[in-house]
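Report on the following structure.
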């Protein structure tokens with residue numbers, strides 16, 4: 001008898017046996033007091049717990065003596081033996097105490113993130129012994145004392161955030177030794193002294209801020225720094241994009257050397273004591289979008305800045321410029337906000353200046369401006385014209401709300417009282433505080449609770465202040481600004497828009513936007529968990545919630561969970577005898593389960609000896625949990641092992657990385673047969689459960705169409721989740737429009753891209769069963785292959801549409817789209833339909849016409865196009881067209897614009913279906929373009945929607961509505977191919 005063959009089926013039990021043995025092994029380790037964590041690391045963390053007080057272990061839920069083995073929250077470990085602690089990320093827990101010197105024991109630490117706590121004391125000098133540290137984030141605590149010079153020993157440091165503390169003394173010159181530093185934030189402290197630079201004689205190492213050639217961010221505002229700005233602070237090797245030095249006590253002249261920081265986007269030197277003239281070299285900063293020199297002691301004249309064509313905000317108010325209003329202002333085509341109040345400027349202002357396309361706010365109060373204020377031309381974009389206390393004696397205007405124009409203190413108010421609205425000539429007393437989402441619920445809540453407006457109930461939100469330090473606007477003129485912020489918060493925090501409340505938003509004297517926000521828990525929950533609060537605090541404090549034009553941000557958390565009140569069992573450990581009893585009982589129960597499972601496996605094997613085609617997949621699925629279901633049923637997609645993909649990507653090397661986003665990273669890989677693929681690898685915190693991942697790949701494997709990026713396969717192996725797609729050599733449409741890919745998009749090519757991508761979306765809406773609402777149509781999710789054929793990508797945000805006979809004709813979901821592309825109705829209904837995809841596609845069509853992003857300089861391309869058409873018809877759009885197609889567009893232009901405008905109608909019922917869009921595009925194309933093969937433009941064959949919507953050849957494979965195939969819902973945390 002072949003005993004081996006007889007008992008071979010028991011190999012199915014092997015994983016369970018191994019699991020039991022591991023349990024026994026770990027129990028033995030616990031019983032003997034051993035740890036898989038390096039003992040010095042255990043000692044360091046225990047010292048931190050001790051310094052944070054007796055409640056800290058309960059707050060953090062750090063139990064036992066094995067941080068890595070017990071997976072302490074906020075603690076990250078490597079895979080060495082014994083394991084080393086590599087990260088401590090504990091923002092927003094409300095911890096009190098200090099950082100003990102024992103932190104030096106964590107010699108493999110890479111990240112130390114303790115922001116938004118209540119920590120005090122000195123930053124220990126021993127922190128300089130953490131030579132592998134790359135991120136040191138201690139913002140918004142109560143640390144005092146000085147910045148230890150020993151920080152200069154941490155050569156790998158890339159992020160240093162110490163803002164929002166009470167640090168004193170000067171910046172040590174040793175900061176200049178941090179050759180890899182990218183982000184330096186020392187704002188909102190009590191630091192003083194001069195800005196360190198090499199050659200200042202303060203350090204034997206002869207280093208300073210000018211040695212930080214890889215740094216992009218110097219955020220040093222709101223301190224007490226004194227002395228001059230070093231002439232050598234900028235040089236051609238610097239990488240600075242943000243130089244924020246406002247609200248200090250800096251003196252002397254603005255150094256001409258600042259003109260050498262050619263990458264600068266934002267320069268804030270306001271609210272200092274700077275003297276002299278503004279150097280002409282500032283005009284060399286051609287990438288500058290914000291220049292704030294206000295509230296100094298500068299004298300004029302203002303140099304010619306007409307080269308700064310990207311400048312969005314210019315503020316030189318409260319200086320003595322003593323000049324006429326400069327005519328070169330008319331050349332600043334991107335200017336949105338100008339403030340020259342109280343600068344002793346005179347003369348008249350041409351009507352043309354007020355017609356600048358993006359200009360929304362003009363503040364020229366308290367000057368000597370005279371003559372006529374002419375606002376009679378096309379100036380509808382203006383939201384504020386502040387001209388108080390000048391010498392204006394006449395006024396010509398179109399119809400404006402009184403709140404837009406302010407003329408108090410001008411002669412025209414004395415001579416024209418009978419014709420001017422009284423409000424135009426009154427001092428403005430309106431409140432500058434704006435709110436969003438407060439509602440009108442009037443219930444009373446217990447102490448510690450707040451009214452949740454969306455549900456008119458009581459809950460405990462996460463609350464704090466978002467501090468935007470350099471927004472490109474200086475006033476909130478309407479709700480759209482706050483809607484933009486609220487939508488960004490909902491998107492980044494993965495919450496519903498209704499959970500976001502902006503209790504107040506206003507500008508402080510330093511032109512910083514301060515938004516007091518509250519994020520409420522969802523559903524019936526009344527409070528967030530500690531881990532949820534920590535996660536949101538990390539997102540909010542990580543410069544991630546930055547809508548277009550808002551500038552760099554920091555977050556000061558003001559609400560913490562009250563850990564002093566809880567259930568009687570909170571924080572109490574089980575007695576040792578009880579733990580032993582539980583272990584013995586669990587082992588006995590596990591033995592019974594093993595016996596039953598092996599018996600079932602043996603019977604199943606004897607009953608069915610057929611080979612299993614997807615045995616590898618079954619093996620990957622079987623140990624992930626009882627709710628994971630069976631292995632997925634795939635159509636045309638294959639399973640890859642981790643080893644295969646590791647080889648295909650050269651061990652996931654950085655040189656193979658082609659993109660990254662919230663889901664993870666995307667790598668280019670070459671399979672063993674030579675096929676190029678794009679491999680999307682999920683990072684640990686964005687992985688789905690096995691059942692959801694299975695549902696996702698089952699549906700994706702059934703989607704086959706020439707204009708949809710195809711799924712090649714997937715990997716569910718060794719704790720990894722990866723999706724493998726066909727590689728798109730042409731890049732995405734947005735990069736093509738900006739010229740990054742080198743692909744030239746003439747008018748013909750753009751039409752075919754529009755038609756191809758429209759066909760792909762129509763396929764998802766009309767031929768996939770069940771239909772799919774994409775939810776994130778945008779130019780970065782339309783990819784081009786080597787033949788420049790457009791394909792729709794990024795199904796990670798897709799959502800299955802309701803059945804046609806269902807009463808519910810929408811899906812309700814979290815904010816998952818992209819600002820600028822979202823259906824306007826979504827903001828009020830929280831519902832997405834197929835017409836939401838139509839709206840997003842219409843925005844893409846406008847991008848093809850203008851090459852503009854959906855939101856540019858704070859303006860929406862949809863709004864600008866609609867306003868232009870309303871005023872001057874379709875011909876008025878000529879000036880907005882991408883210059884590369886102005887002469888090539890031909891007679892199809894009008895039809896194309898009409899299609900685009902029909903797609904971006906405000907109401908869904910007024911928009912066409914995607915099938916109708918395809919028909920219109922095909923009718924527009926007509927016979928003007930040859931079929932494939934006779935032109936360098938690859939034109940897909942025309943189709944008749946009622947018969948062979950996508951053709952029946954291999955190029956247009958489709959998924960039929962086969963009722964025998966099950967439908968699988970896509971999870972809310974679905975996967976995405978496009979980058980974020």
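Residue numbers (UniProt numbering): 1 to 980. Beta carbons are placed, not taken as given, at the ideal position from N, Cα and C, and that holds for glycine. All of these numbers come straight from a predicted model, not from anything done at the bench.
The straight-line gap separating the alpha-carbon atoms of residue 748 and residue 755 is approximately 11 Å. Annotated as distal: residue 278 and residue 264, with beta-carbon spacing of 8 Å or more. Here residue 242 is bridged, per DSSP, to 217, 266. Setting aside the 5 residues that flank it on each side, residue 211 is surrounded in the same chain by 176, 198, each with a C-beta closer than 7 Å to its C-beta; the list follows chain order. Two segments are said to touch when three or more pairs of C-beta atoms, one from each, lie closer than 8 Å; by this definition the segment 734-741 does not touch the segment 702-719. Going by DSSP, residue 481 is part of no beta strand (DSSP E) but of the alpha helix (DSSP H) stretching over 479-493. Contact between residue 215 and residue 239 holds: CB atoms are separated by about 6 Å, below the 8 Å threshold. Ranked by Cα distance from residue 904, the options 846, 842, 897 are led by 842.
The shortest C-alpha to C-alpha distance from residue 221 to any of 203, 213, 191 is the one to 191. For residue 300, same chain residues with a beta-carbon under 6 Å away, outside a window of 5 residues either side, are 321, 322, 323 in chain order. When C-alpha distances from residue 228 are compared across 276, 856, 702, the shortest belongs to 276.
The alpha-carbon of residue 242 is positioned some 21 Å away from that of residue 174.
Positions of the alpha helix (DSSP H) runs, each at least 4 residues long and wholly inside the segment 841-925, are given as 861-872, 892-903, 914-925 in order along the chain.
Judged by their CB atoms, residue 272 and residue 253 are not nearer to each other than the 8 Å cut-off. For residue 415, the enclosing alpha helix (DSSP H) starts and ends at 411-415. If you look at residue 89, you'll find it in the beta strand (DSSP E) that goes 85-89. Within the model, the alpha-carbon separation for residue 498 versus residue 366 is close to 42 Å. A direct Cα-to-Cα measurement between residue 274 and residue 82 gives close to 57 Å. Secondary structure note for residue 450: its beta strand (DSSP E) is the uninterrupted segment 450-452. For the pair residue 117 and residue 141, the CB atoms are nearer than the 8 Å cut-off.
For residue 835, the closest of 380, 761, 180, 167 by C-alpha to C-alpha distance is 761. Here residue 76 is near residue 87, since their CB atoms are less than 8 Å apart. In this structure, DSSP gives residue 183 an extended state, which the three-state scheme calls strand. By the neighbour-count definition (other C-beta atoms within 10 Å, threshold 16), residue 79 is an exposed residue. Between the C-alpha atoms of residue 259 and residue 340 there is a straight-line separation of about 22 Å. For residue 93 and residue 510, the gap between their C-alpha atoms comes out near 30 Å.
The C-beta of residue 352 has fewer than 16 other C-beta atoms within 10 Å across all chains shown, which makes the residue exposed. According to the DSSP assignment, residue 58 belongs to no beta strand (DSSP E) but to the alpha helix (DSSP H) extending over 56-60.
In this structure, residue 314 sits away from residue 284, with a CB-CB distance that is not shorter than 8 Å.
Residue 320: not part of any beta strand (DSSP E); DSSP gives it neither H nor E.
Of the residues 289, 108, 156, 166, the one whose Cα lies closest to the Cα of residue 262 is 289. The C-beta distance from residue 194 to residue 226 rounds to 7 Å, short enough to meet the 8 Å contact threshold. Following the DSSP letters along the chain, one finds residue 275 inside the beta strand (DSSP E) bounded by residues 275-277. Across the structure, residue 317 and residue 362 are spaced so that their CA atoms are roughly 12 Å apart.
Residue 319 and residue 368 have their C-alpha atoms spaced approximately 14 Å apart. For a cut-off of 8 Å, the C-beta gap from residue 555 to residue 468 is around 10 Å, too long to register as a contact.
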